[in-house]
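**Student:** Pasting in a structure now, in structure tokens, and then I'll have a few things to ask.
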Amino acid sequence: IVAEAGADYIKTSTGFSKGGATKEDVALFAENVPNTLKIIGNEAFVGTAITSLTIPEGVTELGDELFYTCQKLKYVEMPRSVNSIGSDIFKNLTLSIYMLVHDDSYAKQYAKENDLIYYIYDGITLPEFVTVGKIKYALTMEGAVAISDTDASGTVIIPEEVNGYSVVRLQRGLFKENVSITSVNLHDSLQTIGNEAFKDCPSLAKVIIENNTAISSLGDYSFYGCGALEEVILGEGITSLGEYAFFNAHS
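Quick note, the sequence shown lines up with residues 53 to 303 if you use the working numbering.
This is the structure we're talking about:
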């Protein structure tokens, strides 16, 4: 019916009846949408059990909070045609979710600007994840990205390499609200500290960012609310601080 009608907008019925769209519903939807489809609306897949999704070529716009509470979702493949993506498309989901994107695409730009994990899709290779010292890393084309904290405590040392990949980024909110870490040492290979990476860590007292030229700024709210912070050593390459980077961060 959708194809015959030539629809350019479609949304799943997540708010009707006794439940939302099922995994099978979404699979049927994804496999049969016409190439005239341009827009997938806000919250289109909310609460569904999908594990992965390929957005068809031709779609240009994705709505807000598209995959909100899709707890089983692992990755989404984005087409070149997408030129607008709404806010918080992976709201309330694990930071290990990733996007498969084309190089020089809007989706890649969106992923970088929103601290999302992305891979340049070659049709064959899927990403790899490893855990080292209670921290989970995604091995990406840009290097290793620290994406989740599994009960890290005491002194945390972010290594220069993981499985031969230089550690280049701390994902947004990586240690957010961790009550047990007391100090952190960040090595030379690091390029980006994501927004809220250490926000509201009440026991964090010491931060050392070794001299390097790769990282030039700290993310917004990166050490916000770290009330026990006593000593911060910043590398020479850091020239700017994000908004409220150290607000309420003092002992």
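For each residue, glycine too, the CB sits at the ideal point set by N, CA and C.
1) What are the start and end residues of the beta strand (DSSP E) that includes Glu165?
2) Looking only at its own chain, which residues have a Cβ that is under 6 angstroms from the Cβ of Asn94, when we skip the five neighbours before and after it?
3) Give me whichever residues DSSP pairs with Gly51 in a beta bridge.
4) Would you give the residue range spanned by the beta strand (DSSP E) that Phe181 belongs to?
5) Do you know how far the Cα of Ile210 is from the Cα of Tyr19?
6) Pop quiz: Ala257 and Glu229 are said to be a contact at Cβ under 8 angstroms. What is the actual Cβ separation, rounded to whole angstroms?
7) By a C-beta neighbour count over all protein chains shown, 10 Å radius and 16 as the cutoff for buried, is Val182 buried or exposed?
8) With a CB to CB cut of under 8 angstroms and the five nearest residues on each side skipped, what residues in its chain are close to Glu295?
9) Quick check on Gly225: buried or exposed, where buried means 16 or more other Cβ atoms within 10 Å of its Cβ?
10) Report the rounded CA-to-CA distance for Ile199 versus Gln123, giving the unit in angstroms.
**Tutor:** So, from the data block:
1) First-last for Glu165: Tyr158 to Glu165, but that is the alpha helix (DSSP H), not the beta strand (DSSP E).
2) Gly115 and Asp116
3) Limits of the chain in this structure are 53 at one end and 303 at the other, which puts residue 51 out of reach.
4) Glu180 to Val184
5) This structure cannot speak to residue 19, because the chain is shown only from 53 to 303.
6) Rounded, the Cβ-Cβ distance is 16 angstroms, inconsistent with contact.
7) exposed
8) Asp272 and Tyr273
9) buried
10) 16 angstroms
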